[in-house]
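**Q** The UniProt record's numbering numbers the first residue of the sequence shown as 1 and each following residue consecutively.
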Amino acid sequence: MKSAIFDLDGTLADTSADLLTAANACFEALGHKGVLDLERDALTAFRGGRAMLGLGFSRVKPDYCEADIDVQHPIFLDHYSTNLDVHTVLYDGVIGALDHLQGAGYALGICTNKPEGLAVELVKRLKIDHYFGALVGADTLPVRKPDPEHLFETIRRIGGTPDKSVLIGDTITDRKTSTNANVPSILVTFGPSGHAIADLAPEALLHHYDDLPNLLSQMLD
Numbered sequence: 001m002k003s004a005i006f007d008l009d010g011t012l013a014d015t016s017a018d019l020l021t022a023a024n025a026c027f028e029a030l031g032h033k034g035v036l037d038l039e040r041d042a043l044t045a046f047r048g049g050r051a052m053l054g055l056g057f058s059r060v061k062p063d064y065c066e067a068d069i070d071v072q073h074p075i076f077l078d079h080y081s082t083n084l085d086v087h088t089v090l091y092d093g094v095i096g097a098l099d100h101l102q103g104a105g106y107a108l109g110i111c112t113n114k115p116e117g118l119a120v121e122l123v124k125r126l127k128i129d130h131y132f133g134a135l136v137g138a139d140t141l142p143v144r145k146p147d148p149e150h151l152f153e154t155i156r157r158i159g160g161t162p163d164k165s166v167l168i169g170d171t172i173t174d175r176k177t178s179t180n181a182n183v184p185s186i187l188v189t190f191g192p193s194g195h196a197i198a199d200l201a202p203e204a205l206l207h208h209y210d211d212l213p214n215l216l217s218q219m220l221d
């Protein structure tokens, strides 16, 4: 069975504004407003909560330490969990591509470094949960991307095999995961990295979701 495994944030949906808003709420409580820019810092948003908090602290408290992030991270998650989809939208063409792949018999899964509970709730709110046979999050297993076991377990849960699978993502973490798993990757060019993502040398680039079915067919047939 052919399998397509998707990252979530920055791949299926642009979640950056909601993530950055949640991080900014942490800094506002500390007396600092507008620390993170919703456009300029979008790439950092897709690297996770700790990365956003670290960037913010570097601007308001240069001598910050990991303990500062440890304190704020659960507060960030609390803010984010109550505002998951205020600004979040699916990328153009996602629904059409998922419809096509599902109809063509692909097994579909999500492999994300977002906490599982938040990821499950978000895909439900985006009304795409029915397309996916499995969602494996950051805390589902003892490991997460770029550890290949995170990807392997996602593939197993949808009944696929690594030799008939492709990982679709948007960051160096996704590229490292695919390399570690010896599974080909497709990286999107419509995220914050833009066409610079090509520097990571994925097996293919995705410029629009309308192109995904043909790309996967070329790679897996």
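Note that beta-carbon positions come from the ideal geometry of N, C-alpha and C, so glycine has one too.
Would you kindly work out how many angstroms separate the C-alpha atoms of GLU153 and GLY31, rounded to a whole number?
**A** If I take the Cα positions, the gap works out to 43 Å.
**Q** For a test of the three-state rule: what should DSSP assign to VAL123, helix, strand or coil?
**A** It is helical.
**Q** According to DSSP, is ALA138 helix, strand or coil?
**A** Of the three classes helix, strand and coil, the one that applies to ALA138 here is coil, per DSSP.
**Q** With DSSP run on the structure shown, which of helix, strand or coil describes GLY96?
**A** It is helical.
**Q** Report buried or exposed for LYS145, applying the criterion of at least 16 other Cβ atoms within 10 angstroms of its Cβ.
**A** Buried, because 16 or more other Cβ atoms sit within 10 Å of the Cβ of LYS145.
**Q** Just confirm the distance between the C-beta atoms of LEU167 and ILE128, as a whole number of angstroms; I'd bet it's less than 8 Å.
**A** With a Cβ gap of about 18 Å, LEU167 and ILE128 do not count as contacting.
**Q** Can you grab the Cα-Cα spacing for the pair ASP9 / LEU84, in whole Å?
**A** Roughly 12 Å separates the two Cα atoms.
**Q** Can you tell me whether DSSP reads LEU8 as helix, strand or coil?
**A** LEU8 falls in the coil class under three-state DSSP.
**Q** Which residues bound the beta strand (DSSP E) around ALA204?
**A** 204-206 is the extent of the beta strand (DSSP E) around ALA204.
**Q** What whole-angstrom Cβ distance do ALA107 and GLY160 have, given they're in contact under 8 Å?
**A** Going by Cβ atoms, the distance from ALA107 to GLY160 rounds to 5 Å, so yes, they are a contact pair.
**Q** Taking only three categories from DSSP, how would you classify ASP41?
**A** DSSP places ASP41 in coil when its eight states are reduced to three.
**Q** So, under 8 Å CB-CB, ASP92 and HIS207 are touching, yes? Tell me the CB distance rounded to an integer number of Å.
**A** In fact, because the Cβ distance is near 11 Å, the residues do not count as touching under 8 Å.
**Q** Considering only their Cβ atoms, is the gap separating LEU205 from LEU198 smaller than 7 Å?
**A** Before going on, a small fix: residue 198 reads as Ala here, not Leu. The answer is yes: Cβ separation under 7 Å.
**Q** What's the C-alpha gap between ASP174 and LYS33?
**A** Near 32 Å, if we compare the C-alpha coordinates of LYS33 and ASP174.
**Q** Check for me: the alpha helix (DSSP H) holding ILE69 runs from which residue to which?
**A** Its alpha helix (DSSP H) spans residues 66-81.
**Q** Note down the Cα distance separating residue 237 from SER165, rounded to an integer number of angstroms.
**A** No answer is possible for residue 237: it lies beyond the span of the chain, which begins at 1 and ends at 221.
**Q** What residues are listed by DSSP as bridge partners for ALA13?
**A** Answer by DSSP bridge pairing, in chain order: ASP9, LEU90.
**Q** Please classify HIS130 as buried or exposed, where buried requires at least 16 other C-beta atoms within 10 Å of its C-beta.
**A** Exposed, since its Cβ has fewer than 16 Cβ neighbours within 10 Å.
**Q** Pull up the DSSP beta-bridge partners for VAL188, would you.
**A** Paired residues: LEU206.
**Q** Taking only three categories from DSSP, how would you classify ILE158?
**A** Coil, per DSSP.
**Q** Go ahead and label SER193 buried or exposed: buried means 16 or more other beta carbons lie within 10 angstroms of its beta carbon, across all protein chains shown.
**A** Burial call: buried.
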